[in-house]
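Just so you know, we're using our numbering here: the first sequence kicks off at 24 and counts up by one.
Input: a single structure, listed below in structure tokens.
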Amino acid sequence: MASKLTSPFERVYQQLLDCHGPQRWWPGDSPFEVMVGAILTQNTNWSNVEKAIANLQEQECLDASQILACKDASLAEMLRPSGYFNIKAKRLKAFCRWYLDAGGFKELSGRDTDELRHALLHVHGIGPETADDILLYAFQRPVFVIDAYTHRIFSRFGLIEEGLGYEHLRSIFEEALSPDVARYNEYHALIVKHGKDQCRPKPRCAECCLKPDCQQGNLAGTGIR
DNA sequence: ACCCAGGGTCATA
DNA sequence: TATGACCATGGG
């Protein structure tokens with residue numbers, strides 16, 4: 024049974040896990056592929072990103088120096104299925120330039136998390152969420168990723184106020200949850216899963232997060248509604 | 001035919 | 001500093 028000392032954020036995690044099961048993120052075979060995916064999935068369905076990554080693999084371009092060697096137009100063509108392909112071609116190149124200049128994965132792995140985060144945020148096309156995706160899922164750092172689903176789900180639960188900024192929200196989660204890479208990994212993946220399945224932007228009345236066939240609907244005993 | 005997606009940048013007031 | 005426009009494909 025849940026202790027009063029247990030944070031609501033811990034309890035929601037357990038309920039999401041019971042409801043949806045482990046998500047096993049990030050789908051990707053290497054840290055570099057994870058980083059590429061993090062950029063390509065900006066405001067884009069993951070299934071579209073997979074097609075773009077498959078194109079890169081076919082062209083043997085899933086590599087920083089190969090990507091930089093591509094013409095903008097041909098890179099964009101490979102990225103076409105992921106949408107915003109012209110913009111993403113530029114962002115991907117900007118990232119690869121930084122990545123190689125910094126000495127690659129092994130060199131970057133030696134950096135302090137805050138320093139790494141700061142550096143990522145200075146790369147054109149990498150904002151807070153993409154930076155944190157990369158830190159958590161590629162560099163295995165205990166950084167909690169915030170996205171639109173996180174805002175939506177937790178404000179509907181009444182656990183946070185609406186309209187909080189990214190850093191503010193991230194600090195709430197990181198203070199409520201002990202730094203645990205595996206837990207942060209699974210939690211964000213579960214939030215995305217729950218958001219896609221049951222917490223739509225325009226929910227039908229009270230349907231959101233309250234489907235009877237989902238354990239998440241049983242918020243009794245959590246102290247949440 | 002709509003709605004939405006694992007955001008970020010840039011121009012404007 | 002705070003909105004709004006813009007980027008674009010593909011699945012439900």
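Even for Gly, the Cβ is constructed at its ideal location relative to N, Cα and C.
Sub-9 Å separation of L85 and E56 beta-carbons:
Going by C-beta atoms, L85 is nearer than 9 Å to E56.
Apart from the five residues on each side of it in sequence, which residues of its chain come closer than 7 Å, Cβ to Cβ, to V146?
A117, F118 and W121, listed in sequence order.
Beta-carbon proximity check, D95 vs K113, cutoff 9 Å
Cβ atoms of D95 and K113: closer than 9 Å.
What three-state label does DSSP hand L98 in the structure shown?
Correct three-state label for L98: helix.
Anyone know if the C-beta pair for V204 and P151 falls short of 9 Å?
In this structure, V204 lies away from P151, with their beta-carbon atoms at least 9 Å apart.
On a CA-only basis, which of T64, K225 and A77 is nearest Y157? Give me that one, please.
A small correction: the amino acid at residue 157 is Ile; Tyr does not occupy that position in the sequence shown. The candidate whose alpha carbon is nearest that of I157 is T64.
Neighbourhood of Q238 by C-beta distance below 8 Å, restricted to the same chain and skipping five residues each side
Residue confidence is low: Q238 scores 41 on pLDDT, short of 50, so the model does not pin down where it sits. Its coordinate-derived value is still stated next. So the qualifying residues of the chain are Q38, D41 and C42.
Of the choices G186, I183, H217 and F167, whose alpha-carbon is the least far from that of L200?
Of the candidates G186, I183, H217 and F167, the one whose C-alpha sits nearest the C-alpha of L200 is F167.
Which of the three DSSP states is assigned to R193 in this structure?
Residue state, collapsed to three classes: helix.
Along the chain, where does the alpha helix (DSSP H) that runs through R140 open and close?
It spans T136 to L144 - the alpha helix (DSSP H) in which R140 sits, taken as one unbroken run.
Between which two residues does the alpha helix (DSSP H) holding G60 run?
Per DSSP, the continuous alpha helix (DSSP H) segment holding G60 begins and ends at P54 to L63.
For R179, tell me which candidate among W49, W69 and C222 has the shortest Cα-Cα distance.
It is C222.
From A212, Y107, D137 and H174, residue whose alpha carbon lies closest to that of N71:
In terms of CA proximity to N71, Y107 leads the group A212, Y107, D137 and H174.
Is it right to say D124 is buried, meaning 16 or more other beta carbons lie within 10 angstroms of its own, or is it exposed?
With fewer than 16 Cβ atoms within 10 Å of its Cβ, D124 is classed as exposed.
Buried versus exposed call for H141 [16 or more other C-beta atoms within 10 Å across all chains shown]:
Exposed.
Could you check if H191 is buried or exposed, using at least 16 other CB atoms within 10 Å of its CB as the buried criterion?
Exposed is the call here.
Would you grab the beta carbon distance between M58 and Q82 for me? Rounded to a whole angstrom, and I think it's under 8 Å.
A Cβ-Cβ separation of about 18 Å leaves M58 out of contact with Q82 under the 8 Å criterion.
Could you give the distance in angstroms between the alpha-carbon of R227 and the alpha-carbon of N66?
In this predicted model, R227 has a pLDDT of only 48, less than 50, meaning its place in the structure is not dependable; the value taken from the coordinates is given anyway. Answer to the nearest angstrom: the Cα atoms are 23 Å apart.
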